[in-house]
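Reviewing the structure listed below.
Chains as they are written, first to last, in the numbering used here: chain A, 5 to 429; chain B, 26 to 473.
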């Protein structure tokens with residue numbers, strides 16, 4: 005049983021696991037690409053619906069967590085070895101290990117290594133030398149970032165729920181669960197931030213006692229009862245009245261039209277009649293944004309079948325009448341198509357972005373200018389065990405290590421003079 | 026003339042055999058015979074399949090074999106780089122297998138079959154069956170002779186040039202891809218670029234949605250410009266280049282990063298330095314073959330991007346719509362819509378321009394389509410015999426499937442066919458175009 009657990013642990017914590025899993029998903033992706041143009045969407049749907057694929061995907065964050073444990077443990081052990089807190093030197097922690105029958109008098113060697121730019125620590129039977137900063141903490145931050153990223157993707161993929169609702173000024177805040185109050189105002193304006201050009205604020209007043217008011221912005225998205233409120237597109241909710249000689253009773257409707265930005269065309273159909281109206285929001289001559297100012301002027305085209313009957317302009321609250329036809333826009337309001345997103349993976353992905361940026365910004369200078377190099381010499385009964393590792397500048401470090409070993413060997417032959425405390429030059 | 030056309034491919038084939046021989050040095054004879062047999066089998070296989078099956082079947086099989094080889098190369102390249110950097114990497118200790126008779130025979134025969142079939146596909150069609158048979162036989166014989174010649178050349182190469190198993194695979198696959206890149210229907214680079222563009226677009230879109238990034242109307246244009254690079258026209262090409270070259274570069278890096286032999290136990294400095302110097306020199310010579318692979322891949326990408334084929338591609342004629350927004354294209358007049366040729370048109374509405382074409386398919390039906398597909402950037406289509414080609418991804422689309430949606434087919438446009446001509450709704454045409462090509466619209470191209 006112990007052997008089985010050890011094997012499972014070895015697989016889960018293996019550095020080979022992520023490329024194997026990513027390769028596996030790549031094969032599935034390529035396979036889907038033969039049959040569908042929406043490859044990624046299909047792959048996501050497959051993963052969501054298949055326990056096997058979900059389980060394979062879950063191995064990625066699991067592997068990151070296991071790697072954190074393994075690498076933190078190795079880092080701790082190396083630190084303890086440097087301070088002589090370990091009973092022996094483990095070859096698996098180092099790049100190179102050599103046992104030699106050599107002098108265990110390290111005093112001279114310490115001076116020599118110190119002159120080569122290494123910091124040293126000497127105890128009764130150990131000489132430790134090191135320089136630079138270890139990349140291990142950075143790597144652990146990197147692995148934590150990858151853990152957050154893969155966990156976020158996994159959770160997001162399997163549990164994300166989205167409800168799309170049009171939110172209209174003065175109308176109910178159509179939250180997916182329960183009463184969300186009234187959308188009092190939608191304010192669209194210029195932003196002074198470095199990333200956002202425009203700000204959108206939806207002010208919602210809660211109904212009932214208390215009457216608290218809440219504001220929902222663009223980014224970072226606000227939350228409503230645990231769901232992110234994610235504004236997607238802007239549009240106009242247009243209330244219009246229409247009558248025609250063959251439609252004397254008239255027709256009125258509040259229609260939601262994707263008319264933003266100005267110039268974009270949308271059409272609405274007069275149900276049960278051959279009439280159709282195409283509309284465009286006119287861009288004012290002064291260059292202002294009608295969605296910001298609220299001064300909305302519409303370019304319309306009235307069609308009967310494929311024939312254009314009339315075309316012209318109607319402002320908000322205005323009317324057009326000719327030859328028995330009457331078209332009026334008594335009211336129009338700002339509207340935002342909004343997604344209510346339930347997703348606990350989003351925060352993890354944000355955290356991953358922060359951790360990965362930290363890891364990269366720390367890794368690069370350390371790797372380039374302060375790479376860690378260590379060598380340890382420990383006297384064991386009848387021999388000296390020497391270990392070395394380098395995270396950068398390996399060849400130069402190996403040269404220093406080999407010369408240190410040569411010196412130890414040389415001192416072995418001069419043991420009597422050492423024991424007498426005479427410096428051999 | 027045929028020999029000149031095939032000369033580059035035949036040289037590549039010789040280099041393939043040479044690399045395999047150097048990579049499996051203990052079994053040169055097996056490699057020579059296996060490669061010759063494999064090549065002849067590949068040529069014969071194409072001849073038989075062309076006679077028994079529709080042309081797309083053998084081409085599909087060869088393309089699949091190339092795709093699988095490229096994916097296999099990727100796998101081995103990743104494993105190689107892991108092995109050279111991660112000391113305790115337990116997987117794929119497969120180097121021992123390479124220098125065995127089994128691998129020499131199978132490797133040489135498989136490479137021969139694929140190379141032989143690719144080169145045979147380049148042979149022109151002959152009206153007389155006997156001449157065709159003779160041409161295929163001559164090609165098979167040439168392949169076998171070149172395999173023998175490679176053995177003689179290999180002896181002349183400096184012994185310092187050695188080949189690692191991963192470098193062997195990289196060079197063979199790269200040279201096979203070079204051979205195939207001269208045939209549009211076997212080329213992998215262009216479809217790869219197209220898939221990469223679509224893949225990157227989808228990934229970026231999904232990622233932005235997953236972290237709830239707002240739509241572009243909220244973002245500063247300068248910032249959106251940077252994000253827009255990922256949705257841009259060239260991302261497919263450069264992404265394709267990265268995927269194309271990475272395995273060969275990974276193999277080279279794996280060789281470069283291979284740990285030097287441990288010399289800590291040697292107490293003579295001179296001996297240590299000599300051992301290390303020898304190891305470094307061997308390592309440097311091992312980089313020659315991955316460099317050959319990189320050159321072959323670059324040549325393949327170049328051939329794929331600049332194919333030497335010409336297509337019928339008329340200059341788009343400007344059309345206008347009636348006040349009701351209807352476009353009428355007469356069947357006869359300046360152009361004859363029923364002549365089976367591609368007829369391109371340009372429709373302007375406001376600041377938008379739409380390029381579309383009308384074509385009569387081989388079954389006698391008119392079809393109206395955008396000069397763009399739903400996947401690639403809208404570089405448009407040209408017409409060749411029996412097919413149209415997407416200029417961006419070089420996909421060939423049989424004429425009888427034009428008018429059907431999906432894949433790289435041109436996006437069909439709803440229209441009405443009457444006695445006087447073809448009637449198209451201008452608004453739906455513009456909407457269709459905008460929806461299809463969005464920000465990557467590039468219409469002011471005229472005749473190519």
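Glycine residues also receive a C-beta, built at the ideal position from the N, C-alpha and C atoms.
query	result
Contacts of residue 97 (chain B) in chain A (Cβ-Cβ under 7 Å)	Here the premise fails: no neighbours, minimum Cβ distance about 11 Å.
Close-in-space but distant-in-sequence residues of the same chain around residue 424 (chain A) (CB under 8 Å, 5 per side omitted)	Any answer about residue 424 (chain A) is weak, because its pLDDT of 41 lies below 50 and its placement is not dependable; what the coordinates show is given next. Correct list: empty, nothing qualifies.
Proximity test, Cβ basis, 7 Å: residue 292 (chain B) and chain A	yes
At least three beta-carbon pairs within less than 8 Å, the region 211-225 of chain B to the region 199-211 of chain A	no
Residue 311 (chain A) at chain B interface by Cβ criterion, 7 Å	yes
Closest residue to residue 252 (chain A) among A:277, A:270, A:242, A:266 (Cα-Cα distance)	A:277
Other residues of its chain near residue 243 (chain A): CB distance less than 6 Å, five sequence neighbours each side excluded	258, 334, 335
Residues bridged to residue 408 (chain B) [DSSP beta-bridge criterion]	B:337, B:413
Minimum Cβ-Cβ distance from residue 184 (chain B) to chain A less than 7 Å	no
Which of helix, strand or coil DSSP assigns to residue 110 (chain B)	helix
Residues sharing a beta bridge with residue 191 (chain A), DSSP	A:205
Cβ-Cβ distance between residue 314 (chain B) and residue 192 (chain B) below 7 Å	yes
Chain-ordered chain B contacts of residue 160 (chain A) [CB-CB under 8 Å]	235
Separation of residue 285 (chain B) from residue 254 (chain B), as counted between CA atoms	42 Å
Opposing strand residues paired with residue 243 (chain A) [DSSP bridges]	A:258, A:335
Residues in the region 212-238 of chain B having any Cβ partner in chain A nearer than 8 Å	220, 223, 224, 227, 228, 231, 235, 236, 237, 238
For residue 152 (chain A), the three-state DSSP class (helix, strand or coil)	helix
Continuous alpha helix (DSSP H) stretch holding residue 10 (chain B): start and end	An answer regarding residue 10 (chain B) cannot be provided, because it is not within the stretch 26 to 473 covered by chain B.
Boundaries (first-last residue) of the alpha helix (DSSP H) holding residue 372 (chain B)	Segment 368-374 is the beta strand (DSSP E) holding residue 372 (chain B); no alpha helix (DSSP H) there.
Residue 344 (chain A) and residue 225 (chain A) closer than 7 Å at C-beta	no
Unbroken beta strand (DSSP E) run spanning residue 316 (chain A), endpoints	311-319
Distance, residue 67 (chain B) Cα to residue 202 (chain B) Cα	16 Å
Burial state of residue 45 (chain B) (16 or more Cβ within 10 Å)	buried
Delimiting residues of the beta strand (DSSP E) encompassing residue 168 (chain A)	165-172
Distance between residue 406 (chain B) and residue 2 (chain B) (C-alpha atoms, nearest Å)	Because chain B spans 26 through 473 in this model, residue 2 (chain B) falls outside it and cannot be assessed.
Chain-ordered neighbours of residue 25 (chain A) on chain B, where CB pairs are closer than 8 Å	Chain B residues near residue 25 (chain A): none, gap ~12 Å exceeds 8 Å.
Below-7 Å beta-carbon distance, residue 248 (chain B) vs any chain A residue	yes
C-alpha distance - residue 322 (chain A) paired with residue 332 (chain A), whole-angstrom precision	6 Å
Segment contact, 8 Å Cβ cut-off, at least three pairs: the region 393-409 of chain B with the region 373-382 of chain B	yes
Proximal residues of chain A, C-beta to C-beta of residue 287 (chain B) below 7 Å	100
For residue 40 (chain A), three-class secondary structure by DSSP	coil
Chain A residues whose Cβ lies nearer than 8 Å to that of residue 399 (chain B)	41
Validate contact between the region 60-75 of chain A and the region 145-153 of chain A using beta carbons, cut 8 Å, 3 pairs	yes
Helix, strand or coil at residue 190 (chain B) according to DSSP, with G and I counted as helix	helix
Whole-Å CB distance - residue 283 (chain A) paired with residue 302 (chain A), under 8 Å assumed	5 Å
Neighbourhood of residue 226 (chain B) by C-beta, 7 Å cutoff - its chain only, sequence neighbours within 5 removed	256
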